[in-house]
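Below: one structure, written as structure tokens.
There are 2 protein chains.
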Amino acid sequence: MTLILSNDDVDSVLRMDRCIDALEESYREIAAGRAVTRQRSDSLVGAGDGAVYGFKTMDGVIPSQGYAAVRLNSDIIRWPTVAGTQRRVKQPLAPGGRYTGLVLLFSTKTGEPLAIMPDGVMQRMRVGATNGLGVKYMAREDARSVAILGSGWQAGSQLMAVCAVRRIREIRCYSPNPDNRERFAAEMSDFLGVAILPQDSAEVAIAGSDIVLCSSNSIEPIFFRDDMSPGMHVSSIKMPEIDHEALRRADRVGLHMGHQTPITVMAADLEVPDHAKGRGWGARHGYDFDSCPKLPDMVSGAVRGRERADEITCFINDLGLGLQFAVIGGIAYEAAVEKGLGHELPTDWFTEDVHP
Amino acid sequence: MTLILSNDDVDSVLRMDRCIDALEESYREIAAGRAVTRQRSDSLVGAGDGAVYGFKTMDGVIPSQGYAAVRLNSDIIRWPTVAGTQRRVKQPLAPGGRYTGLVLLFSTKTGEPLAIMPDGVMQRMRVGATNGLGVKYMAREDARSVAILGSGWQAGSQLMAVCAVRRIREIRCYSPNPDNRERFAAEMSDFLGVAILPQDSAEVAIAGSDIVLCSSNSIEPIFFRDDMSPGMHVSSIKMPEIDHEALRRADRVGLHMGHQTPITVMAADLEVPDHAKGRGWGARHGYDFDSCPKLPDMVSGAVRGRERADEITCFINDLGLGLQFAVIGGIAYEAAVEKGLGHELPTDWFTEDVHP
Numbered sequence: 000m001t002l003i004l005s006n007d008d009v010d011s012v013l014r015m016d017r018c019i020d021a022l023e024e025s026y027r028e029i030a031a032g033r034a035v036t037r038q039r040s041d042s043l044v045g046a047g048d049g050a051v052y053g054f055k056t057m058d059g060v061i062p063s064q065g066y067a068a069v070r071l072n073s074d075i076i077r078w079p080t081v082a083g084t085q086r087r088v089k090q091p092l093a094p095g096g097r098y099t100g101l102v103l104l105f106s107t108k109t110g111e112p113l114a115i116m117p118d119g120v121m122q123r124m125r126v127g128a129t130n131g132l133g134v135k136y137m138a139r140e141d142a143r144s145v146a147i148l149g150s151g152w153q154a155g156s157q158l159m160a161v162c163a164v165r166r167i168r169e170i171r172c173y174s175p176n177p178d179n180r181e182r183f184a185a186e187m188s189d190f191l192g193v194a195i196l197p198q199d200s201a202e203v204a205i206a207g208s209d210i211v212l213c214s215s216n217s218i219e220p221i222f223f224r225d226d227m228s229p230g231m232h233v234s235s236i237k238m239p240e241i242d243h244e245a246l247r248r249a250d251r252v253g254l255h256m257g258h259q260t261p262i263t264v265m266a267a268d269l270e271v272p273d274h275a276k277g278r279g280w281g282a283r284h285g286y287d288f289d290s291c292p293k294l295p296d297m298v299s300g301a302v303r304g305r306e307r308a309d310e311i312t313c314f315i316n317d318l319g320l321g322l323q324f325a326v327i328g329g330i331a332y333e334a335a336v337e338k339g340l341g342h343e344l345p346t347d348w349f350t351e352d353v354h355p
Numbered sequence: 000m001t002l003i004l005s006n007d008d009v010d011s012v013l014r015m016d017r018c019i020d021a022l023e024e025s026y027r028e029i030a031a032g033r034a035v036t037r038q039r040s041d042s043l044v045g046a047g048d049g050a051v052y053g054f055k056t057m058d059g060v061i062p063s064q065g066y067a068a069v070r071l072n073s074d075i076i077r078w079p080t081v082a083g084t085q086r087r088v089k090q091p092l093a094p095g096g097r098y099t100g101l102v103l104l105f106s107t108k109t110g111e112p113l114a115i116m117p118d119g120v121m122q123r124m125r126v127g128a129t130n131g132l133g134v135k136y137m138a139r140e141d142a143r144s145v146a147i148l149g150s151g152w153q154a155g156s157q158l159m160a161v162c163a164v165r166r167i168r169e170i171r172c173y174s175p176n177p178d179n180r181e182r183f184a185a186e187m188s189d190f191l192g193v194a195i196l197p198q199d200s201a202e203v204a205i206a207g208s209d210i211v212l213c214s215s216n217s218i219e220p221i222f223f224r225d226d227m228s229p230g231m232h233v234s235s236i237k238m239p240e241i242d243h244e245a246l247r248r249a250d251r252v253g254l255h256m257g258h259q260t261p262i263t264v265m266a267a268d269l270e271v272p273d274h275a276k277g278r279g280w281g282a283r284h285g286y287d288f289d290s291c292p293k294l295p296d297m298v299s300g301a302v303r304g305r306e307r308a309d310e311i312t313c314f315i316n317d318l319g320l321g322l323q324f325a326v327i328g329g330i331a332y333e334a335a336v337e338k339g340l341g342h343e344l345p346t347d348w349f350t351e352d353v354h355p
């Protein structure tokens, strides 16, 4: 049977510590050349009225776990300016006002499709776990205080992850909308059992923090050079969040896999922000990202993420990997089978008797 | 609702002439920069005992039709030598002895998943239609006789396509196994209403033919320089079939899209044939494929496929395109909806209410 799982199913079985451990192991497999992951690609065409239709895919295979996966998104995208910064916002135009993002999981032993799941919860957990590994390998061991910039869906899993890898005692939160940051602080305080203090400026939230987590949907910088202090670790969930002058001040900048930008194919004359064209951030920032250590290098021990307590380190979760969806999709699938979750469909519906 | 279609459903609604027309239009859209297609990628890892697990994807978007698609294959692959030539053979290891190849079709208007279908019948029709367009734009208008090398699943659609674009009066068929070529000749004669004569050598089948269709699963050459005669069009469904000395003798060699080889990511130390590593055929053959006209150039009128009656032309269907599956998948989907075919599942199962 092939399992159809919902975000609720996936959410009920995924734990952050397990996701972090499994991804850590998968980076060792990547570093050893046994696992593979194909850089994300974006296919972009005009969707009328300034919107863009984007079809995004990424693939990965983790033979030690026996899984392959493709993660795909079929999105109508706009880039509005909110509170002074430009954001990338998907339009929920599928029936019922919904988004379309899927993970298909396959067996590397038989080739068969094992499960089809929405990508949302997995995306949240894999982004959190990745930045959590950035903290584990780059932040000070004795880091206790965290500032988080952002109060959305991703910000929650960033906090889950940092609390899984360091003994965090205090969290301060800033996001432009006071209602959002107060709701977020209350909800996540309950969830994590750690006090979260909403702040009315980024500067106040950041000052004195050991770790700063950027977790916005901004496509412009939200963390700057003057926000830095010795010993700090600054973590970002996308390339633009940390200003390039801040990167230059850092002693070490780590990247996730170093893909930086997707393989991009786009219609002629399409008008989209530079980053959506797959143009290198390095070229734009005048920063040499190619020389940065990558997470698999740090996890495998080839490179040290931090040498001294007073170093300033940054970690940028530059692009997601299909591999992460194979790994975390595999965890969700196995737990869902054990618990009897999801809709079972005949695997014959998704296989064929002709040699294609 | 999201439709789950079978190969039988797809087969019952796809007609070769319609596929050829729709692909022809999509190449005009590609040439005009309005449609996009992301080069196929292969992610390869070891599967034990000399086998390889391959996860293959390709994406395409045709906004004029309102469709995007990903085509994916999850294969366990071997490369045995049969009748003296090396072949690429997928192992049907999914439950029931089946293969795993899927096309997922999406709306560019809403993002929603419209249909999930096996890729087999579409693959057969899109390969046939592509080489049919090669014949349309490169073979002599008065071509009447065809030789086909191969008697498998793809050979049938090659004949359907050549008969759709030229008034074919005689077909000769060669493949190494006499039973296969006799069965194939009888079946396709009935289907096409054209006499097909099985032959006991490739040379006899080819001699005097206006068009030669290579349609094998060989990854070594099966058509050679001395097989050529003035005015002939030679068509191939994969890069290796036409020997490089024959390509050098040709007056013009057309490619499909010119991708030649997939984007390949593979485990370290994996042992696979050169072509599976994504290494360029041009480098291996010492042939400048980059300068060859591509099918969109010929369809849009930017380049002429044939200048004179006595020219020798070749067309190589170098790599499939995600775009083709968006186009042909769209045709199958619309016809299936009209006829009430397939299993309907709630689209909510494949969408989500979180911004992923």
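Note that the protein sequences, when read in sequence, are chains A and B. Per numbering that gives the first Met the number 0, the very first residue in the first sequence carries number 0; after that it's consecutive. Per numbering that gives the first Met the number 0, the very first residue in the second sequence carries number 0; after that it's consecutive. Where is the CB? At the ideal position from N, CA and C, for every residue including glycine.
### Query
Beta-carbon separation of I327 of chain A and M124 of chain A under 8 Å?
Yes, the pair counts as a contact, with Cβ atoms nearer than the cut-off.
### Query
Run through DSSP, which three-state label would K55 of chain A get?
Residue state, collapsed to three classes: strand.
### Query
Listing by chain order, which chain B residues have their CB less than 9 Å from the CB of N72 of chain A?
The contacting residues are G110, P355.
#### Entry: When A:V203, A:K237, A:A335 are compared against D225 of chain A, the one with the closest alpha-carbon
Looking at the Cα atoms, A:V203 is the closest of the given residues.
### Residues of its chain near V134 of chain B, where Cβ-Cβ distance is below 8 Å and the 5 sequence neighbours each way are ignored
Excluding sequence neighbours, V134 of chain B sits near A142, A160, V161, V164, R165, I210, H232, S234, F314.
### Task
Could you check the C-alpha separation between S200 of chain A and Y173 of chain A for me, to the nearest Å?
Whole-angstrom Cα-Cα distance: 6 Å.
### Message
I want to verify the contact list: residues of chain D whose CB lies under 7 Å from the CB of G100 of chain B, in sequence order.
### Response
Of the protein chains in this structure, namely A and B, none is chain D.
### Query
So, helix, strand or coil for G100 of chain A, using DSSP?
In this structure, G100 of chain A counts as strand in the three-state DSSP scheme.
### Task
Keeping to the same chain, check which residues put their C-beta closer than 7 Å to that of D10 of chain B; ignore five residues upstream and five downstream.
Only V120 meet the Cβ criterion.
### Query
Which first and last residues belong to the alpha helix (DSSP H) in which V120 of chain A is found?
Residues 119 to 137.
### Query
So which residues on chain B does R27 of chain A lean against when the C-beta distance must stay under 7 Å?
At a C-beta separation below 7 Å, R27 of chain A has no neighbours in chain B, since its nearest C-beta there lies roughly 13 Å away.
### Query
If you draw a straight line from the alpha carbon of A266 of chain A to that of G45 of chain A, how long is it in whole angstroms?
So the alpha carbons of these two residues sit roughly 7 Å apart.
### Query
What are the start and end residues of the alpha helix (DSSP H) that includes V161 of chain B?
According to the DSSP assignment, V161 of chain B belongs to the alpha helix (DSSP H) that extends over 152 to 164.
### Task
Give the DSSP bridge partners of M116 of chain B, in chain order.
DSSP output for M116 of chain B lists B:V102 as bridge partner(s).
### CB contact below 8 Å: R224 of chain B versus chain A
No, its Cβ sits nowhere closer than 8 Å to a Cβ of chain A.
### Task
Select from the region 52 to 82 of chain B all residues with a C-beta closer than 8 Å to any C-beta belonging to chain A, and list them in chain order.
Result list: Y52, F54, T56, D58, G59, V60, P62, A67, V69, L71, N72, S73, D74, I75.
### Query
Quick one: any contact between the region 344 to 354 of chain A and the region 62 to 78 of chain A, if contact means 3 or more CB pairs under 8 Å?
Cβ pair count under 8 Å is below three, so no.
### Task
Return the residues of the region 244 to 274 of chain B that lie within a Cβ-Cβ distance of less than 8 Å from chain A, sorted by chain order.
Flagged, chain order: I262, V264, M265, A266, A267, D268.
### Query
Should I75 of chain A and L92 of chain A be called a contact, given that it needs their Cβ atoms to be closer than 8 Å?
Yes, the pair counts as a contact, with Cβ atoms nearer than the cut-off.
#### Entry: Within 8 Å, strictly: CB atoms of C291 of chain B and G341 of chain B
If you check the CB distance, C291 of chain B and G341 of chain B do not come in under 8 Å.
### CB contact below 8 Å: D118 of chain B versus chain A
Answer yes: the Cβ-Cβ gap between D118 of chain B and chain A drops below 8 Å somewhere.
### Task
Mind listing the chain B neighbours of F105 of chain A? Cutoff is C-beta to C-beta under 8 Å, in chain order.
Simply F54, S73, T99.
### Task
Thinking R171 of chain A and Q198 of chain A are a contact (beta carbons under 8 Å), I'd like their distance in whole angstroms, please.
The beta-carbon distance between R171 of chain A and Q198 of chain A, rounded to whole angstroms, is 5 Å. This is short enough to meet the 8 Å contact definition.
### Task
In the DSSP assignment, find the unbroken alpha helix (DSSP H) run with I210 of chain B in it and report its ends.
Looking at the DSSP string, I210 of chain B is not in any alpha helix (DSSP H); the run it does join, the beta strand (DSSP E), is 210 to 213.
### Query
In chain order, which alpha helix (DSSP H) runs of at least 4 residues are fully inside the region 163 to 206 of chain B?
Segments of the alpha helix (DSSP H) lying fully in the region 163 to 206 of chain B: 177 to 191, 201 to 205.
### Task
Determine the closest residue to D41 of chain B out of A:D41, A:V35, A:S42, with distance taken between C-alpha atoms.
Of the candidates A:D41, A:V35, A:S42, the one whose C-alpha sits nearest the C-alpha of D41 of chain B is A:V35.
### Task
Quick one: grab the DSSP three-state call for N72 of chain A.
N72 of chain A: strand per DSSP, three-state reduction.
### Task
Would you mind working out which of A:A301, A:M297, A:H255 sits nearest F288 of chain A, comparing C-alpha positions?
Checking every option, the nearest Cα to that of F288 of chain A belongs to A:H255.
### Task
Put Y66 of chain B into one of helix, strand or coil per three-state DSSP.
Here Y66 of chain B carries a strand assignment [DSSP, helix/strand/coil].
### Message
Which residue wins for smallest C-alpha separation from L71 of chain B, given the options B:K55, B:R86, B:W78, B:T80?
### Response
Comparing Cα positions, the closest option is B:K55.
### Query
beta strand (DSSP E) containing A34 of chain A: first to last residue?
Segment: none, A34 of chain A is in no beta strand (DSSP E) and carries neither H nor E.
### chain B contact for P295 of chain A (CB, 8 Å cutoff)
It does not: the Cβ of P295 of chain A has no partner Cβ on chain B nearer than 8 Å.
#### Entry: C-beta atoms of L322 of chain B and Q259 of chain B nearer than 8 Å
No.
### Query
With a CB to CB cut of under 6 Å and the five nearest residues on each side skipped, what residues in its chain are close to I311 of chain A?
For I311 of chain A, the CB contacts under 6 Å within the same chain, skipping 5 residues up- and downstream, are M227, M231, A249, D250 in chain order.
### Task
Please confirm whether any heavy atom of the ligand MN lies closer than 7 Å to the CB of V164 of chain A.
The model depicted lacks the ligand MN and carries no ligand whatsoever.
### Query
Going by other Cβ atoms of all chains shown within 10 Å of its Cβ, with 16 needed for buried, is N6 of chain B buried or exposed?
Burial of N6 of chain B is indicated by the presence of at least 16 other C-beta atoms within 10 angstroms of its C-beta.
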